Amino acid sequence: MTTQTTSQPTATLAPWHRPGRVARVGRLAFGVIFTGGAAIHVAIVITGTETYRHFADTAFIPLVKQLWLSVFMPHAALLGLLLAAFELAVGLLILAGGPRTRLGLLAAIAFHLGLMLFGWGFWFWSVPMLAMLVALLRCDFGKRPGIAAQAADAKEGAMRVLITAATKHGATAEIAATIGQTLRDQAGLDATVVPPEKIATIDGYDAVVLGSAVYAGHWLAPAKELVDRTGGALADRPVWLFSSGPVGDPPKPEEDPVDIAEILAATKAREHRVFAGKLDKRQLGFGERAIVVGLRVPEGDFRDWAEIKGWASQIAHSLRSGA
Ligand SMILES: Cc1cc2nc3c(=O)[nH]c(=O)nc-3n(C[C@H](O)[C@H](O)[C@H](O)COP(=O)(O)O)c2cc1C
Numbered sequence: 020m021t022t023q024t025t026s027q028p029t030a031t032l033a034p035w036h037r038p039g040r041v042a043r044v045g046r047l048a049f050g051v052i053f054t055g056g057a058a059i060h061v062a063i064v065i066t067g068t069e070t071y072r073h074f075a076d077t078a079f080i081p082l083v084k085q086l087w088l089s090v091f092m093p094h095a096a097l098l099g100l101l102l103a104a105f106e107l108a109v110g111l112l113i114l115a116g117g118p119r120t121r122l123g124l125l126a127a128i129a130f131h132l133g134l135m136l137f138g139w140g141f142w143f144w145s146v147p148m149l150a151m152l153v154a155l156l157r158c159d160f161g162k163r164p165g166i167a168a169q170a171a172d173a174k175e176g177a178m179r180v181l182i183t184a185a186t187k188h189g190a191t192a193e194i195a196a197t198i199g200q201t202l203r204d205q206a207g208l209d210a211t212v213v214p215p216e217k218i219a220t221i222d223g224y225d226a227v228v229l230g231s232a233v234y235a236g237h238w239l240a241p242a243k244e245l246v247d248r249t250g251g252a253l254a255d256r257p258v259w260l261f262s263s264g265p266v267g268d269p270p271k272p273e274e275d276p277v278d279i280a281e282i283l284a285a286t287k288a289r290e291h292r293v294f295a296g297k298l299d300k301r302q303l304g305f306g307e308r309a310i311v312v313g314l315r316v317p318e319g320d321f322r323d324w325a326e327i328k329g330w331a332s333q334i335a336h337s338l339r340s341g342a
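One gets this note's numbering by counting positions in the sequence shown from 1 and adding 19 to each.
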């Protein structure tokens, strides 16, 4: 079992919780729609701006149609290109991630509200778009009740720490929850516990505690995939890693998970800690139980809560002291 130390700067970032896969797909879709919209405007300007002439014919506010014909049409090429630039910027902002996505989503909402002035027909397109944009924005503000409840425990302006751990049968998730609780209760840190598969980006967190249960010598895929998705961002802030797996007294196996060297390198983590795990045969599937029985792996809960809380306290101390 290893303990590795590297020095990391302490990052201070704006609050920014991330949604899961659905939100990522939504962001990608809107990014593509808006950059595609920009391309359409460029094509119209190139092929002939008369295409724009009847755009405001169905506007239900007469002033909109008048302004379109008297202001937009005389400068249609220039304003068409400006529209293209705007839509391109909105698309790129939405794709960019972090606070820029939020700005892009707000601009996209403003765009669709404006579009609705051009007639009821546009409402068939803009109303569903607005519903999806607002839903994406709500995801980005981290409105999930679990997260909101955890945030409510934190002190105003406290350092934001993300605790995330991959688990198959729940034992490692309980370790993550205990680390989060310790960081909140003992150090007043704004600690949020989120499963790795629900994290698209770690923007907004000042530090990260990342862990996984170990199976057949390896970390679970959701934790490794989080490193793949956010490796660069993890390396930019203080990160602590933990693995949970060894069972028995003394806990075995003693070797580190095989992928930990690579994960340490990718995240530039300050430390990797191995905690003993829990094995309850009743929770296992047929294949897992066969392995455990075949290898005579001892059953029981070997997690050392004092050790886990002590490690969380060390993390809190080093974050609070800026070490
Ligand atoms: C089929 C199987 C294979 C396992 N392989 C390992 C292993 O290679 N190394 C290890 O340390 N623990 C191993 N474990 C123990 C688990 O990592 C341990 O039970 C852990 O606490 C489970 O965490 P979870 O409930 O969060 O999934 C294995 C457990 C099972 C059931």
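Where is the CB? At the ideal position from N, CA and C, for every residue including glycine.
Source: prediction; values computed, not measured.
- DSSP, read as helix, strand or coil, puts E318 in coil.
- Short of 6 Å from the beta carbon of T201, and not among the five residues preceding or following it, lie these beta carbons of its own chain, in chain order: K328 and A331.
- For the pair of segments examined, the segment 230 to 249 was found to touch the segment 174 to 192: the number of CB pairs separated by less than 8 Å reaches three.
- The beta carbons of P257 and R289 sit about 6 Å from each other, so the pair counts as a contact at 8 Å.
- Apart from sequence neighbours up to five positions away, no residue of its chain approaches W139 with a beta-carbon distance below 6 Å.
- Where G230 is concerned, the enclosing beta strand (DSSP E) starts and stops at A226 to Y234.
- Shown here, R292 sits in a strand according to DSSP, grouped into three states.
- Between I113 and G123, the CB-CB gap stays under 7 Å.
- Its chain contains H237, W238 and K243 as the residues whose beta carbon lies nearer than 7 Å to that of D278, once the 5 sequence neighbours on both sides are disregarded; these appear in chain order.
- Judged by DSSP secondary structure, W330 falls within the alpha helix (DSSP H) whose first and last residues are W324 to S340.
- Minimum Cα-Cα distance from R301 among the listed residues H291, R292, A284 and G319 corresponds to G319.
- One alpha carbon belongs to M92, the other to F105, and they sit about 18 Å apart.
- Taking 7 Å as the cut-off, the Cβ atoms of V212 and A226 do not count as close.
- Note that the C-beta distance between S263 and G304 is not below 7 Å.
- With respect to C158, A42 sits close: the two C-beta atoms are nearer than 7 Å.
- C-alpha of G45 to C-alpha of K271: approximately 44 Å in a straight line.
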